[in-house]
Amino acid sequence: MSKTIEQLRQEYGTREKILTIEDLVVKFSLRGEELTAIRQASLDVYKGESLCIVGESGSGKSVLTKSFMGMLDNNGWIDSGSVLYKEEDLAAYRFERQWMQIRGKEIAMIFQDPMTSLNPLRSVGSQIKEAVELHQDLRGEAAREAVYEILENVGIADPVRRYRQYPFEFSGGMRQRVVIAIAMACKPQILVCDEPTTALDVTIQAQILQLLDKLQKMYDLTVIYITHDLGVVAHVADRVAVMYAGDIIEVGLSEEVFYNPQHPYTMNLLSSLPQLGEKGKDLYAIKGTPPNLFKEIHGDAFAPRNSLALKVDFVHRPPYFTVSPTHKAKTWLLDPRAPKVELPSAIKQLRSKWGDDIVAGS
Amino acid sequence: MLKYCTKRFLQSLVTLFIVVTVVFVLMRFMPIEGFLGPRYDKMDPGQRDAILKAMGLLDPIHIQLKNFYIQLLHGDLGESIIYRPHVPIVEILGPKIPYSLFLGWASMTLSLFFGLSLGVFMARFKSGFLDKLGTVYIVIINAVPSAVYYLFLQLYGKNLLKLPMLFDADRPISWILPIISMALGGIAGNAMWMRRYMVDELNKDYIRLARAKGMRKSAVMFKHVMRNAIIPMVQGIPASILLVMVGSLYIESLYSIPGMGGLLIQAIQRQDTPLVQALVLIFSAFSIFGLFVGDLLMAMLDPRIKLGSKEGSR
Amino acid sequence: MAKVLKDAAEKIDETLFTFAGYDAKDAERSGYSNYSYWRSTWNVFLKNKMALVILILLATVLAFTFVQPYLPQQKLPTLIHNDPETGFQLRNVPPGKEFILGTNSIGQDLWARLWSGTRTSLFIGFVVGLFEAGIGIAIGAIWGYVRWLDRIITEIYNVWDNIPSTVVLVLMTYILRPSLSTLIIAMCITGWLPMAKLIRNLVLIIRDREYNLASRCLGTPTHRIIVKNILPYLVSVIMMRLALAIPYAIGSEVFLTYIGLGLPVDTPSLGNLVNEGRRLMMAPSMRYQLIFPAIMVSVITISFYILGNAFADASDPRNHV
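Residue numbers (my numbering), protein chains in the order written: chain A, 7 to 368; chain B, 4 to 317; chain C, 1275 to 1595.
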């Protein structure tokens, strides 16, 4: 353990915010009805950090990131709220030409499935070169040389030969490296990785995460991971934001969220980690299904599935309660009037296994 | 690549062989009078047998087949019986081919140019006005039997635009209606497929990545979507010769064009069996050849086939 | 914002801060979506206003086609009308009181012939569609199910698919004598191919697609997989083929009639009517004999074409979102 939790908190106190999302509401129109995919979510992203956004499928992780890249589907729009990046409010962007200044250039993105993320009919090199030409202002031979360099940086040997090859000649892991190379060719400030390892073999996953880590240090990147794989989170995250039903219900340093979760959803999520299961016993599973986002949600969205729900959870929406300078959660359990709740046994176990010294500080 | 071409070529040969055989055998089921010519009812049975024997039609079918193959290999398609009795079919066809080829090429060029452009714009402005208008056009052309709208085109082309109703090789103005008629179907088909392929491509993941790396929409359209969508279109181009041919059956007869399509109809109406047989074989051979060339073009353009990957084989 | 919320939070009733108890049913209900395939299909279809209008129009035309002969004062389609005074045929009488759509060149009532022709053509279309479905399903099922046959049938398919269907159509009708059954046979011979291919792919899906494997691993009985996973797809495919078989059949019939291989002239059909009208189209006063059948042909083929596609769209679960 290199740094104590206190040192980490202090460090964050001095960090510069690069992206500030405030009360963002994103809606979609589907079947003639309105669906609220992001419900007043707020999130700060600090320069140079690795932030993991976790949550189950449909919780709005991808929509959140697409909303600040101008890549929402045609039937979706930012209804209210703001996204501040370098003193610009991205939420107010309306035109493609405005987004051209952000997309790739400032914020780049890599996607879940490397098998389908590349144009199958064009050589790998030409696809990276497009990004180089767009964002590094290089042409012809110079651009080509830049591509070779990037290919080597992402760990692809023999770049001259590889340049001319087509995606189908690459394995899944290699293709993901190419996708990363395309993102890096844009020289972005922020890199959004949407489930970067989900479609890959376990052995390849670690390599890709290491590569991202290396590139982050090399280019002083801010990386936002979107994932539902808590293993990945534990591996890479400085901070964790937990999403549920279109809202960020808890955010904190990864140690804080893992060993001292406050929101019942976070506790449930961690309890369902297979690593914490006991031999011979059933694995823990969160009961029920996420709420229907077509309907207006009253109170805490997780309340109906929460065995520890308070009556107030069904009536009023909880605000953020601050746990530490870097840790806050939206749950009434943190209200002074709420009854005290025992941590689930799984969390205690998690703590005793790995994190006792860390929590001691809080 | 070479292996693929060889395989595909052999497949075409086998197909052609089967078609030749089946067509020949089927034709033997026709009433035998079809081979005797117009004066058969004035002949007595002895004369008929003599003629049939001379033509080899009384031999067992496998001998007839063998002779037929040998004939074909020498480029001999037999002789017409009724249309122009005892004239070798090759001679009948010779002067007709240029007309069919010229009209076919002209209308194919038109249908490619307008069809592809229409398809591209429909996909680019999907669910816009042009897309809707184009869809109406495609639906009408696809649904309504071509014989019906060919007739109306001919009728109103003559009445409203004062264009000639019949083809005349020396008056280019008389070529307009037949060429346009022939192109209408092709334009609809090309536009429909081009639009569909482009919309398919637009929904693929790599388009998202291309947009995420900051490419302009028009650049994505041009460098990725269109490029990929055009490949399956190229595959279909040689085969669309086939479409033109089929259209030419009507149109050549409707406008009295002395081409091969009109000839088939006359041969059918006069029950000139050897001529029908020869024309059916020629049309089939064209189409088999067209599909073969299409697959070759596709293989040359699609690296997945060219380099023999499993993913490419669909 | 957070400050405001905080203030609001202060005012909340203290008694609410007690446990609410947990109801498993509630937990499920919050995200419950009562999706039903056929209802969604129907809903998507209803959203398509144009298709709906066409459906009603077509239903009316179809109903009238069958009712028409039993209505009062209808004439026989093949009866030649003579002038009672002169004894001459009432040729080319323009549309009017006695003959709603006029008479043709030998004095038959065009109105009666039109509906009779529509009946014939629709009959051909339906029969061809059903046969295509039947043959297609049978061959497709064998093709997909019997593994060692797959290669052989695929090769046969490749050969067959290489031959232009118009040529086959012409050849078949040329060899067999013109009649209703000839037409139907010729059209079926060319039409079963895409259907069989579809069914074959469907069978492969039943066999190999992950969600079906998963279903089977979970112990779902085969008949349930077929009913729930396969049947909706199959029915929609058949419906679409059936809808598209009708414009195809009518088109082929018109074409074959034109080249002289259609139904005998004494059988009224849309192809025969269009062809009769064509001969007179250059005389403006007789042009109605082409225009009425042409309108009928276009209305029916366009309607079925649009309906077939609208149904295909509606039955595609991807459009149900």
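By construction, the Cβ of each residue, glycine as well, lies at the ideal position given by its N, Cα and C atoms.
Could you confirm whether any beta carbon from chain B is found closer than 7 Å to the beta carbon of Arg181 (chain A)? Residue numbering aside, residue 181 (chain A) sits at position 175 when the first sequence is read from its first letter. Not closer than 7 Å to any Cβ of chain B, the Cβ of Arg181 (chain A) fails to qualify, so no.
Determine the extent of the beta strand (DSSP E) in which Val198 (chain A) is found, giving its start and end residues. In the first sequence, counting from the first residue as 1, residue 198 (chain A) sits at position 192. Unbroken beta strand (DSSP E) run through Val198 (chain A): Ile196 to Asp200.
According to a CB-to-CB cut-off of less than 8 Å, which residues of the region 1319–1342 of chain C neighbour chain B? none
So for Leu144 (chain A), helix, strand or coil by DSSP? For this step, residue 144 (chain A) is matched to residue 138 along the first sequence. Residue state, collapsed to three classes: coil.
Between B:Leu133, B:Arg214 and B:Leu29, which lies nearest to Arg111 (chain A) when the distance is taken from Cα to Cα? Position 105 of the first sequence, counted from the first residue, corresponds to residue 111 (chain A). The identity of residue 111 (chain A) in the sequence shown is Lys, whereas the question assumes Arg. Residue B:Arg214 is the option with its Cα nearest to Lys111 (chain A).
Partners in chain C for Asn145 (chain B), counting only beta-carbon separations shorter than 7 Å: Numbered from 1 along the second sequence, position 142 holds the residue referred to as residue 145 (chain B). Near Asn145 (chain B) (Cβ distances below 7 Å), the residues of chain C are Tyr1579.
Between Tyr172 (chain A) and chain B, is there a C-beta pair that is closer than 7 Å? Mapped onto the first sequence, residue 172 (chain A) falls at position 166. Cβ-Cβ to chain B under 7 Å: yes for Tyr172 (chain A).
Does the ligand GTP have a heavy atom nearer than 6 Å to the CB of Ser256 (chain B)? This structure does not include the ligand GTP; it has no bound ligands of any sort.
Near-chain A residues of the region 73–99 of chain B - C-beta to any C-beta below 9 Å: none
What does Lys317 (chain A) reach in chain C if we use C-beta pairs closer than 7 Å? Taking the first sequence and counting its residues from 1, the one referred to as residue 317 (chain A) is at position 311. Simply Leu1290, Thr1292 and Ala1294.
Inside the region 179–231 of chain A only - alpha helix (DSSP H) runs reaching at least 4 residues: 208–225
What residue range is occupied by the uninterrupted beta strand (DSSP E) comprising Gln46 (chain A)? As a first step, residue 46 (chain A) must be located in the first sequence, where it is residue number 40. Residues Glu39 to Tyr52.
Go to Thr26 (chain A), then tell me how far its alpha helix (DSSP H) extends in each direction, as first and last residue. Counting from one through the first sequence, the residue named residue 26 (chain A) turns up at place 20. Taken as a continuous stretch (DSSP letters only), Thr26 (chain A) belongs to no alpha helix (DSSP H), being part of the beta strand (DSSP E) at Lys23 to Leu36.
In terms of residue numbering, what span does the beta strand (DSSP E) encompassing Phe327 (chain A) cover? Within the first sequence, numbered from 1, the residue matching residue 327 (chain A) stands at position 321. Unbroken beta strand (DSSP E) run through Phe327 (chain A): Phe327 to Ser330.
Range covered by the alpha helix (DSSP H) that runs through Asp1424 (chain C): Taking the first residue of the third sequence as position 1, residue 1424 (chain C) is located at position 150. From DSSP, the alpha helix (DSSP H) with Asp1424 (chain C) extends over Arg1421 to Asn1436.
Under a three-way DSSP split, which group does His333 (chain A) fall into? If you number the first sequence from 1, residue 333 (chain A) lands on position 327. Reduced to three states, the DSSP call for His333 (chain A) is strand.
Is the CB-CB distance between Tyr153 (chain B) and Ser184 (chain B) below 7 Å? Here residue 153 (chain B) refers to the residue found at position 150 of the second sequence. Here residue 184 (chain B) refers to the residue found at position 181 of the second sequence. Going by C-beta atoms, Tyr153 (chain B) is nearer than 7 Å to Ser184 (chain B).
Where does Ile21 (chain B) fall in DSSP's three states? Numbered from 1 along the second sequence, position 18 holds the residue referred to as residue 21 (chain B). Ile21 (chain B): helix per DSSP, three-state reduction.
Simplified DSSP assignment, three categories, for Phe170 (chain B): Translated into positions along the second sequence, residue 170 (chain B) becomes position 167. Residue state, collapsed to three classes: coil.
Quick one: give me the first and last residue of the beta strand (DSSP E) that Ala114 (chain A) is part of. Taking the first residue of the first sequence as position 1, residue 114 (chain A) is located at position 108. Looking at the DSSP string, the run of the beta strand (DSSP E) that includes Ala114 (chain A) is Ile113 to Ile116.
Where do the ends of the alpha helix (DSSP H) carrying Ile210 (chain B) lie? For the purposes of this step, residue 210 (chain B) is taken as the residue at position 207 of the second sequence. Asp208 to Ala215 is the span of the alpha helix (DSSP H), which, as asked, contains Ile210 (chain B).
Rounded Cβ spacing between Ala243 (chain A) and Val257 (chain A) (contact assumed at less than 8 Å): Numbered from 1 along the first sequence, position 237 holds the residue referred to as residue 243 (chain A). Numbered from 1 along the first sequence, position 251 holds the residue referred to as residue 257 (chain A). About 11 Å separates the two Cβ atoms, so there is no contact after all.
How long is the line joining the alpha carbons of Phe170 (chain B) and Arg198 (chain B), rounded to whole angstroms? Taking the first residue of the second sequence as position 1, residue 170 (chain B) is located at position 167. Taking the first residue of the second sequence as position 1, residue 198 (chain B) is located at position 195. Going by the C-alpha atoms only, they are around 34 Å apart.
Leaving out the 5 sequence neighbours to the left and right, which residues in its chain are closer than 7 Å to Met1514 (chain C) when beta-carbon positions are compared? The residue you call residue 1514 (chain C) lines up with position 240 of the third sequence. So the list reads Gly1582, Phe1585 and Ala1586, once near-sequence residues are dropped.
CB contact below 7 Å: Leu212 (chain B) versus chain A: In the second sequence, counting from the first residue as 1, residue 212 (chain B) sits at position 209. Answer yes: the Cβ-Cβ gap between Leu212 (chain B) and chain A drops below 7 Å somewhere.
Compare the C-beta of Ile1354 (chain C) against all C-beta atoms of chain A and say whether one is closer than 7 Å. Counting from one through the third sequence, the residue named residue 1354 (chain C) turns up at place 80. No, Ile1354 (chain C) lies away from the interface with chain A (no Cβ there is under 7 Å from its Cβ).
Which residue from C:Ser1526, C:Glu1527, C:Tyr1419 and C:Gly1534 puts its Cα closest to that of Ser256 (chain B)? Numbered from its first residue, the second sequence carries residue 256 (chain B) at position 253. Taking only the C-alpha atoms, the option nearest Ser256 (chain B) is C:Gly1534.
Taking only beta carbons into account, state which residues of the region 261–295 of chain B come closer than 7 Å to chain C, listed in chain order. Ile268, Ile271, Gln272, Val279, Val283, Phe286, Ser287, Ser290, Ile291 and Leu294
Would you verify that the beta carbon of Thr122 (chain A) is, or is not, closer than 7 Å to some beta carbon of chain B? For the purposes of this step, residue 122 (chain A) is taken as the residue at position 116 of the first sequence. For Thr122 (chain A), the answer is yes, since a Cβ of chain B falls inside 7 Å of its Cβ.
Can you give the Cα-Cα distance for Arg183 (chain A) and Asn125 (chain A), rounded to whole angstroms? Taking the first residue of the first sequence as 1, we reach residue 183 (chain A) at position 177. Taking the first residue of the first sequence as 1, we reach residue 125 (chain A) at position 119. About 15 Å.
By the 10 Å Cβ neighbour count, where 16 or more other Cβ atoms means buried, how is His89 (chain B) classified, buried or exposed? Taking the first residue of the second sequence as 1, we reach residue 89 (chain B) at position 86. Flag for His89 (chain B) reads exposed.
Mind checking which residues open and close the alpha helix (DSSP H) that includes Leu1345 (chain C)? As a first step, residue 1345 (chain C) is located in the third sequence; it is residue number 71 there, counting from the start. Where Leu1345 (chain C) is concerned, there is no enclosing alpha helix (DSSP H), given that its DSSP letter is neither H nor E.
In chain order, what residues of the same chain lie with their CB nearer than 6 Å to the CB of Met263 (chain B), ignoring the 5 residues before and after it? As a first step, residue 263 (chain B) must be located in the second sequence, where it is residue number 260. So the qualifying residues of the chain are Lys99 and Ser103.
Within the 7 Å Cβ cut-off, does Ile1524 (chain C) reach chain A? As a working mapping, residue 1524 (chain C) is identified with position 250 in the third sequence. Cβ-Cβ to chain A under 7 Å: no for Ile1524 (chain C).
For Leu68 (chain B) and chain C, any beta-carbon pair shorter than 7 Å? Here residue 68 (chain B) refers to the residue found at position 65 of the second sequence. It does not: the Cβ of Leu68 (chain B) has no partner Cβ on chain C nearer than 7 Å.
What is the DSSP secondary structure of Asn1356 (chain C), counted as helix, strand or coil? For the purposes of this step, residue 1356 (chain C) is identified with residue 82 of the third sequence, where counting begins at 1. Strand.
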